[in-house]
Ligand SMILES: Cc1cc2nc3c(=O)[nH]c(=O)nc-3n(C[C@H](O)[C@H](O)[C@H](O)COP(=O)(O)OP(=O)(O)OC[C@H]3O[C@@H](n4cnc5c(N)ncnc54)[C@H](O)[C@@H]3O)c2cc1C
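Right, dumping it as structure tokens:
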């Protein structure tokens, strides 16, 4: 099948304009590369803009005893030691510099009384470590990176969705996609590609993620031959809105607990005393999410099946200043004044620790010329991410991915675009319009979300996971037979028909890896294997494509150098 398409050529193509993609673009531009940035929605609308609580960096502005070693130790402990220790080390060492850089580029953070960047407490962090701008940190970060990148001169392709990576033999050659506005196809020819497409939250029914987070980058990379790692580790944030139904899942930032918010059940019991008496509400997210879920399941939940989160003991003006978005969110969406009474909250699918397997130093995948950073990449967070460590991840590894992609591109001649691959990608996109019958993509998506919510959720067991995999197999057949009506102009049903392919790939990878890991660790809780297993503490699950089959193998975690071991062992 042939159809006219436009072609654009870049040294480095970046897919995704969140914090990771923008930071990568800035670095690649700084190396003299010609850079294109593609995003599925408008520039500035990536998930990063929604980030509320802050950026974790051991700057020691508030707690002077903080340093990179403590941040490294907290990150490894939070990740239950499955983290790529080298990534955790680089992240802890480089985050402060990346935040200072952001400030030099114009980011205006909240301040200490002596004029330094203010830092707040967050779950799992020993010290007050999160640099923030009220509860709108992501907005400031995106604004700053965008201004800098646009000023330096990257080309932006907005409302443009990539549906396939193109290859020239083994190496990456670019990407194929379409303009959502007019439905026309577009080919990018690029020497290197950085995947920065964020997470996969739309695979679950209750989620804090927006429509764009369908796991495209992970699925595109997998199809192109890249490995996925630790896909079983999906973070369910403890506090999403539970009421009214239309807003279920929308995030209630951890900053509420960071600022002193208290969790109680329907009996008025501060139940975290029973789950983590030492850290209480500031325990790690996996522990708090399971605690709220258990309270509700055992009949001690709120009217709508959650827990109460209360910050109204703090002065109203303080709450409005430190948590302005939460104040407005509850006022407008739930008719609740959080300065006067509690919020109702419950777990919501939030973040993907697993993702594309990359090298720590370069963010390079096993496919030559393909790099990945941010939430789409795996390694840094291990079995559970600490709040605030994503925004710093984007800055640290976004920068490294941009640098490596530019260096790689610098050493090579332009690749060749294979027309057969373009034609196949075109055919795949047009098929849903050409079927005379078929299901609605919305029905298939809704059933997929239900299957993942019910069988691959917070608590898992073998029977449910096998059932989930069976359902996904059926959904695979149904998903490849969906029919789309209407024109190609801004057709969200058409977009969803394509998104279903990514959703099915990442969902299968999550369920398969979850079935394989026969232990409970971090965000992965197996009712049938409730304890840690020493053997599993040394293994990452790796998923790769073998023809049309998903193949799972184990990769041993390399031993940490003794100086890092010493840091971990310190109290
Ligand atoms: C409500 C909320 C609050 C949060 N608060 C915090 C916080 O306080 N601190 C913290 O550390 N973390 C926080 N997080 C997590 C953090 O915001 C995300 O993990 C992070 O922003 C992801 O950044 P990213 O650059 O990897 O991707 P994103 O910011 O998710 O951007 C992905 C980009 O990829 C594009 N894209 C996706 N698919 C395609 C495709 N097929 N073709 C073209 N483009 C595509 C999208 O359009 C978008 O531009 C929060 C998350 C949410 C949802």
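In the numbering used here, the protein residues as written are 93 to 663.
Backbone N, C-alpha and C fix where the C-beta goes; we use that ideal spot for every residue, glycine too.
All values derive from a computational prediction rather than experimental measurement.
As a beta-bridge residue in DSSP terms, residue 436 pairs with 400. In the three-state reduction of the DSSP assignment, residue 283 falls in the strand class, which pools E and B.
The straight-line gap separating the alpha-carbon atoms of residue 490 and residue 279 is approximately 24 Å. For a cut-off of 8 Å, the C-beta gap from residue 581 to residue 217 is around 47 Å, too long to register as a contact. The shortest CA-to-CA distance from residue 241 to any of 194, 169, 461, 432 is the one to 194. Residue burial annotation: residue 163 is buried, with at least 16 other C-beta atoms found within 10 angstroms of its C-beta. If the five residues before and after residue 528 are omitted, its C-beta is found closer than 7 Å to no C-beta atom of its own chain. Contact annotation: the region 512-524 does not touch the region 181-188, with fewer than three C-beta pairs closer than 8 Å. For residue 455, the CB stays at least 7 Å from every heavy atom of ligand 1. Apart from sequence neighbours up to five positions away, the residues of its chain that approach residue 234 with a beta-carbon distance below 8 Å are 110, 111, 114, 136, 138, 140, 141, ordered along the chain. Separation of residue 327 and residue 221 (C-alpha to C-alpha, rounded to the nearest whole angstrom) is 21 Å. Nearest to residue 590 by alpha-carbon distance, out of 303, 406, 143, 166, is 303.
For residue 505, there is no enclosing beta strand (DSSP E), as DSSP gives it neither H nor E. Going by C-alpha positions, residue 168 is about 14 Å away from residue 615.
Looking from the CA of residue 120, the closest CA among 484, 454, 611 belongs to 454. The alpha helix (DSSP H) runs of length 4 or more contained entirely in the region 160-216 are, from start to end of the chain, 160-170, 177-196. Of the other Cβ atoms in all chains shown, fewer than 16 fall within 10 Å of the Cβ of residue 653; this residue is therefore exposed.
In this structure, residue 400 and residue 436 form a Cβ contact; the two beta carbons are roughly 6 Å apart against a cut-off of 8 Å. Taking 4 residues as the shortest admissible run, the region 588-661 contains the following complete alpha helix (DSSP H) segments, listed from N- to C-terminal end: 654-661. When distances are taken from the beta-carbon of residue 308 to the heavy atoms of ligand 1, the shortest one is below 7 Å. If one requires a minimum length of 3 residues, the beta strand (DSSP E) runs lying completely within the region 349-414 are 354-356, 399-402, in chain order. In the assembly as shown, residue 183 is a buried residue. Its beta-carbon has 16 or more other beta-carbons within 10 Å.
Judged by pairs of C-beta atoms under 8 Å, the region 309-316 does not touch the region 602-617, as fewer than three such pairs exist.
Around the beta carbon of residue 244, a 10 Å sphere encloses fewer than 16 other beta carbons of the protein chains shown; the residue is thus reported as exposed. Sorting 554, 468, 657 by C-alpha distance to the C-alpha of residue 292 places 468 at the top. Going by beta carbons, residue 316 and residue 462 fall inside the 8 Å limit. Between residue 219 and the set 600, 495, 650, 480, the nearest pair of CA atoms involves 480.
Three or more Cβ pairs closer than 8 Å define a contact, and the region 322-337 meets that threshold against the region 423-432. Comparing alpha-carbon positions, the option among 208, 157, 406, 289 lying closest to residue 106 turns out to be 289. Sixteen is the threshold: since fewer than 16 other Cβ atoms of the shown chains lie within 10 Å of the Cβ of residue 420, the residue is exposed. A straight-line Cα-Cα distance of about 7 Å links residue 416 and residue 226. Residue 628 and residue 474 have their alpha carbons spaced roughly 12 Å apart. In terms of Cα proximity to residue 610, the closest of 325, 345, 349, 501 is 325. Cβ contact annotation for residue 178 (same chain, cutoff 8 Å, sequence separation greater than five): 452, 453, in chain order. Your pair residue 209 and residue 250 does not check out as a contact, with CB atoms roughly 31 Å apart and the cut at 8 Å. By DSSP's assignment, residue 100 forms a beta bridge with 280.
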